[in-house]
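Going by this note's numbering, the sequence shown runs without a break in its numbering and finishes at 1068. Ideal Cβ placement from N, Cα and C applies to all residues, glycine included. Remember, it's a predicted structure, so these values are computed and weren't measured experimentally. Everything below concerns the one structure shown next.
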Amino acid sequence: WVYLGDVYMHYALNGEDPRFTLKRKILRDMERPSAEIVLHMREKVASGELVVKDYKRVTDLASISLVLINKGNVPETITASMVSNEVSKTFLQRNDPKKFANNVSKAISGLKGISRQELQAKYYTICKQSPCFGMSFFRCRVGKSESSHVSDVEKVKFSGVNHAGIHLFGKGRTHIVKSFKYGDMKEYGAENGKFWIIYHFGEKRKLGKLTLFCKDCWHLHGVVYDYTNQLMEKNAIRASVQSVRRINWD
């Protein structure tokens, strides 16, 4: 359990103001670009959890975000401090903040006349192009015994979980090193700082095991459980519908 009083105390002792953000635990494969989802995406982009490398895409995201925040009444002059809350610290460290702010200002001028719903859809579409889209991330390392099943095992620093399965990422999270689909998973569990899965691979459907050493192994387990449970419910509903159709047909 998390007590808000403890959170405030932690920040106060460090001389900081607490900032509470919206976070969705799971994202379905057919999510619509609602205001809630776009807010969730904006937080992930700003924190750097949702990695977007392309300069123009980041510019478009920042410009759309500022228009949404200001409800269309964006100040004529866009400063570096205004855009700093909409992009990751890593991006600003690698690019000139003032120049980026000027580019955002130019991009905003091209958004005039576009409805809020269209802007949300545009922001959502750009985010979907990132390999990190819709994922919950956990710092981890792969067990040495599984190195034969994972290429570049030493480069794995994160595991990302979404509606499609479990994915392994390197430090920069720019691409997926390897993916494990839920349909290939036979078992999974967590214990003593590690999360593991037993999965099928190859044409002969042999069994392999992957162990991820992770401090948040039970949180990782919980997210995987929510997705697999959702998938099982969906398949159960689909099976019942097919059964009803079959009965009606007979």
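- Check the Cα spacing between residue 931 and each of 853, 891, 974: the tightest is with 891.
- Beta-bridge partners of residue 1014 (DSSP): 1007, 1029.
- Only exposed fits residue 831, as fewer than 16 other CB atoms lie within 10 angstroms of its CB.
- Taking C-beta atoms as the reference points, residue 860 and residue 879 count as a pair closer than 9 Å.
- Non-local C-beta neighbours of residue 1009 in its own chain, meaning closer than 8 Å and more than five positions away in sequence, comprise 1035, ordered along the chain.
- Residue nearest to residue 871 within the set 937, 893, 951 is 951 (criterion: CA-CA distance).
- Between residue 1045 and residue 1017 the beta-carbon gap is near 15 Å, outside 8 Å, which marks them as no contact.
- Taking the Cα of residue 1022 as reference, the smallest distance to any Cα among 1002, 896, 973 is reached at 1002.
- 9 Å or more divides the Cβ of residue 961 from the Cβ of residue 895.
- Residue 922 and residue 881 have their C-alpha atoms roughly 5 Å apart.
- The C-alpha of residue 1043 is placed about 11 Å away from the C-alpha of residue 1005.
- For residue 858, the uninterrupted alpha helix (DSSP H) run begins and ends at 853 to 865, by DSSP.
- Within the model, the alpha-carbon separation for residue 984 versus residue 901 is close to 33 Å.
- In the DSSP assignment, residue 986 falls within the unbroken beta strand (DSSP E) covering 983 to 987.
- A check of alpha carbon separations from residue 885 across 928, 986, 869, 918 identifies 928 as the nearest.
- Among the bridge pairs identified by DSSP, residue 946 is matched with none.
- Bridge pairing for residue 959: 1031 [DSSP].
- Per DSSP, the unbroken beta strand (DSSP E) holding residue 996 starts and ends at 994 to 999.
- For residue 979, the closest C-alpha among the options 1020, 996, 971 is that of 996.
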